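So for the sequence shown, this note's numbering puts the first residue at 1; every next one is plus one.
Note sheet for the following structure.
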Amino acid sequence: MFSERGGAVSRSEWPELVGASADQVVAAIRAEHPGREVVVVPEGSFVTMDYREDRVRVFVTADGRVAEVPRIG
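Here it is in structure tokens:
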């Protein structure tokens, strides 16, 4: 993905990873963004509402599958 200026654009969400295993998703996001903290959160858990550019939350079901689109924040 590239911007109009020709530089690479950093992704902020990964919709294609919904339904995949949490381990696979964490590895894929860390490979793409090694400086970001990837946090696995059980579906339905309470989380803070702060926005952080260095964090990706991955909400997972009880069986370890990604339940929502992982996104930066």
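No residue lacks a Cβ here, since even glycine has one placed at the ideal position from N, Cα and C.
Just so it is clear, the structure is predicted and the values come from calculations on it, not from any experiment.
The beta carbons of Val47 and Val58 sit no closer together than 7 Å.
The three-state secondary structure of Val25, taken from DSSP, is helix.
Per the C-alpha coordinates, the member of Glu16, Val25 and Tyr51 positioned closest to Gly64 is Val25. In the three-state reduction of the DSSP assignment, Glu32 falls in the helix class, which pools H, G and I. Taking C-beta atoms under 8 Å as the contact rule, Leu17 and Val66 qualify, at a distance of about 6 Å.
DSSP, reduced to helix, strand and coil, places Pro70 outside both helices and strands of the structure shown, so it counts as coil.
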